[in-house]
Amino acid sequence: MADECKHGFDDGLCAICFPPPEPEAKPAPAPVARSARSTTTRSGRPPARVPGASRPTIAPDAPRLDLKAMRIYHVTHIDNLPPILDAGALLADAAGAVPVVDLAAPHAREYRRGAAIDGTDAVVADYVPFLLTTDAHVWNAVRTATPDPRLGEEAITRAPSDFVIFVSSLTSAQAGKAEVAGTIVVSESDAAVSGTAVATEWADVQRLLQRLHRDEAGAGLDGAELLVRECLPLDDVALIAVANEPVRDRVRAELASAGVRARVAVYPPWFQPTVESAE
-19 MADECKHGFD DGLCAICFPP PEPEAKPAPA PVARSARSTT TRSGRPPARV
31 PGASRPTIAP DAPRLDLKAM RIYHVTHIDN LPPILDAGAL LADAAGAVPV
81 VDLAAPHARE YRRGAAIDGT DAVVADYVPF LLTTDAHVWN AVRTATPDPR
131 LGEEAITRAP SDFVIFVSSL TSAQAGKAEV AGTIVVSESD AAVSGTAVAT
181 EWADVQRLLQ RLHRDEAGAG LDGAELLVRE CLPLDDVALI AVANEPVRDR
231 VRAELASAGV RARVAVYPPW FQPTVESAE
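Take -19 as the starting number for the sequence shown in the working numbering and just add one per residue.
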């Protein structure tokens, strides 16, 4: 097994212990006149300024998203660990999930129980929801205690450090399932919202992920949602990220008590508001 830093990541993979080198200074390029098209999205609206979206606009010839290395994230409150560990998996609402602290607003949860996924026999509640980035809008609303129609009161009144993030990968989620349409679903925004772009066939899922990655300002993934049908076994979880050492110790104790082996990593930046949203 590779050596780990004090935050629980393999040596070289922690941005705190192993910060990337400062880029070499380059002469500023000459200003280039922009066309009106370069400042609008496909819908004709200017790209939205969103929390965490300090990324430059992605050019059409930008590198493709490496889907094999793509991480996915499931956020939950630490008090929800016992039923998750008892089940040995992250469960969908319709598959028997019993959160002690429910992050979803009651009306939003009920709506997802009746919102059909086009091209399948399922509703949104038949899936475990995942974020595609830790800068996701809904998670940033939790971190900044900002009201959001998708979130219940407990989600925005609890301290961000009381949450944990299950980190898996697209490869693990789709292993052996990609050939079955509707087992992995990607939507460009909340999957329960009528009119949002949704992909259910694996080829379409890959194409939509690439498009979201290339959206202007690189913010397409911030509002997107990935859904895994029924459950994601804990064996497919690469690590559990936490905000600080006391939470790490509690999580490790609960894992040991349940007989579950999983890496726990301390990574504070994922639990702090972005610079822009804090201003």
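We put the CB at the ideal spot given by N, CA and C, even for glycine.
None of the values given here were measured: they were computed from a predicted structure.
Between Q186 and the set G175, A172 and L201, the nearest pair of CA atoms involves L201. In the structure shown, R51 falls within a strand segment according to DSSP collapsed to helix, strand and coil. For S148, there is no enclosing alpha helix (DSSP H); the residue is found in the beta strand (DSSP E) stretching over F143 to S149.
Only buried fits E205, as 16 or more other CB atoms lie within 10 angstroms of its CB. Beta-bridge annotation (DSSP): A179 is paired with V166. Sequence-distant Cβ neighbours of W250 in its own chain, meaning closer than 7 Å and more than five residues away, are T114, I145 and A221. Annotation: G68 to R51 spans about 20 Å, alpha carbon to alpha carbon. Judged by beta-carbon spacing, A74 lies beyond the 8 Å limit of D46, meaning their Cβ atoms are not closer than that value.
A139 and Y247 have their alpha carbons spaced roughly 15 Å apart.
In the structure shown, the three-state DSSP call for R241 is coil.
Burial state of R241 is exposed, judged by a 10 Å Cβ sphere holding fewer than 16 other Cβ atoms. A residue is called buried once 16 or more other Cβ atoms fall within 10 Å of its Cβ, and G76, having fewer, is exposed. In the DSSP assignment, Y107 is bridged to R209.
Exposed is the label assigned to G156, since fewer than 16 other Cβ atoms lie within 10 Å of its Cβ. Within the DSSP bridge table, the entry for I220 names F146 and V244 as partners.
In the three-state DSSP reduction, L235 falls in the helix class (H, G or I). In this chain, the alpha helix (DSSP H) harbouring L65 covers L61 to A67. In this structure V147 is in contact with L219, their Cβ atoms being roughly 5 Å apart against a cut-off of 8 Å. The count of Cβ pairs closer than 8 Å, one atom from the stretch 88 to 107 and one from the stretch 164 to 174, reaches three, so the stretches are in contact.
In the DSSP annotation of this structure, the continuous segment of the alpha helix (DSSP H) that includes I136 starts and ends at E133 to T137. Your pair A183 and S167 does not check out as a contact, with CB atoms roughly 16 Å apart and the cut at 8 Å.
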